[in-house]
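Notes follow the structure.
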Ligand code: HEC
Ligand code: HEC
């Protein structure tokens with residue numbers, strides 16, 4: 569006979585443990601914020617397998633796949649950690665994070681963060697150019713992602729990211745299907761109207777700075 573309460577308990581414990589490890593890991597990151605040339609070089613070699621999808625130097629040319637070039641190192645490490653631990657899942661990406669060590673993740677992050685982001689080829693619609701900046705202020709996107717949306721620490725750069733990817737992530741946060749380390753991004757997206765998501769993704773994807 570099934571006892572539901574004894575089945576749900578371990579899940580709560582597992583979730584609590586996962587959160588604990590995530591925060592322990594993130595607080596450790598604070599002390600690993602200076603990448604050496606050797607880290608970058610080790611990361612570059614390890615990254616050969618990644619560029620098949622993420623593009624040369626991490627400049628993705630595939631609409632569903634995010635660019636990694638010029639992303640903040642902490643955002644990359646955090647994402648890899650979430651994929652490795654299974655908090656964030658994607659059938660294409662998850663297998664490539666599964667066997668990475670913490671050192672691998674830091675080196676890969678150091679490498680991709682050191683690469684220059686190629687200019688965005690997205691031409692935002694007139695509506696997006698007109699309304700995007702106001703929405704980004706109204707909903708505090710600029711507070712967290714930085715005034716130019718270039719990211720800071722674990723908060724990812726979104727300026728000039730692939731449009732299809734941005735749209736999918738924003739819809740995913742709103743629908744609570746995209747993992748969210750601390751809940752901040754899901755609550756930011758929860759109040760967006762669908763047409764505002766369209767405008768924001770269109771605006772942000774076309775930013776070239
Ligand atoms: C087979 C294709 C493929 C390969 C190879 C691949 N990735 Fe990915 N990666 C993806 C996809 C697709 C996503 C977007 C997943 C999603 O929509 O959540 C992604 C997402 C990511 C993200 C999250 C970026 C963000 O802005 O949140 C990081 C970091 C990342 N990959 C790093 C790597 C690294 C490092 C490697 C090599 C070790 C790698 N990927 C190999 C397909 C791939
Ligand atoms: C309170 C801080 C905060 C606010 C406000 C916020 N974000 Fe975020 N955002 C984050 C964090 C943290 C993440 C990383 C979440 C994770 O992967 O765990 C994120 C991730 C994202 C991503 C996914 C990027 C990627 O590379 O996968 C997009 C897109 C995004 N935010 C867009 C926005 C937009 C547009 C707004 C305004 C409507 C916004 N954010 C407001 C903190 C914030």
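In this note's numbering, the protein residues as written are 569 to 777. Even glycine gets a Cβ: it sits at the ideal position worked out from N, Cα and C. Remember, it's a predicted structure, so these values are computed and weren't measured experimentally.
Boundaries of the alpha helix (DSSP H) harbouring residue 648: 641-653, taken from the DSSP string.
When DSSP states are grouped into helix, strand and coil, residue 729 belongs to the coil group. Contact check between the segment 641-649 and the segment 669-681: three or more CB pairs, one atom from each, fall below 8 angstroms, which counts as touching. Uninterrupted beta strand (DSSP E) stretches at least 3 residues long and entirely within the segment 692-764 do not occur. Just measuring C-alpha positions, the residue of 632, 663, 764 sitting nearest residue 706 is 764. Residue 700 sits close to residue 767, with the two beta carbons spaced by under 8 angstroms. Rounded to whole angstroms, residue 621 and residue 630 show a C-alpha spacing of 7 angstroms. Residue 621 has its CB nearer than 7 angstroms to a heavy atom of ligand 1.
Relative to ligand 1, residue 756 has its C-beta separated by 7 angstroms or more from all heavy atoms.
The beta carbon of residue 665 sits closer than 7 angstroms to those of 648, 651, 652, all from its chain and outside the five residues before and after it, given in chain order. The residue from 604, 696, 746, 638 with its alpha-carbon nearest to that of residue 719 is 638. Put simply, the backbone Cα of residue 738 is about 31 angstroms away from that of residue 608. Nearest to residue 682 by alpha-carbon distance, out of 610, 732, 758, is 610. In the structure shown, residue 775 adopts coil according to DSSP, grouped into three states. A heavy atom of ligand 1 is found nearer than 7 angstroms to the CB of residue 618. Residue 652 has its Cβ no nearer than 7 angstroms to any heavy atom of ligand 1. Per the C-alpha coordinates, the member of 753, 712, 772 positioned closest to residue 732 is 772.
Between residue 728 and residue 685, the beta carbon gap of about 6 angstroms places them in contact (Cβ cut-off 8 angstroms). Cβ contact annotation for residue 628 (same chain, cutoff 7 angstroms, sequence separation greater than five): 622, 634, 635, 730, in chain order. In the structure shown, the three-state DSSP call for residue 612 is helix.
Going by C-alpha positions, residue 777 is about 17 angstroms away from residue 734.
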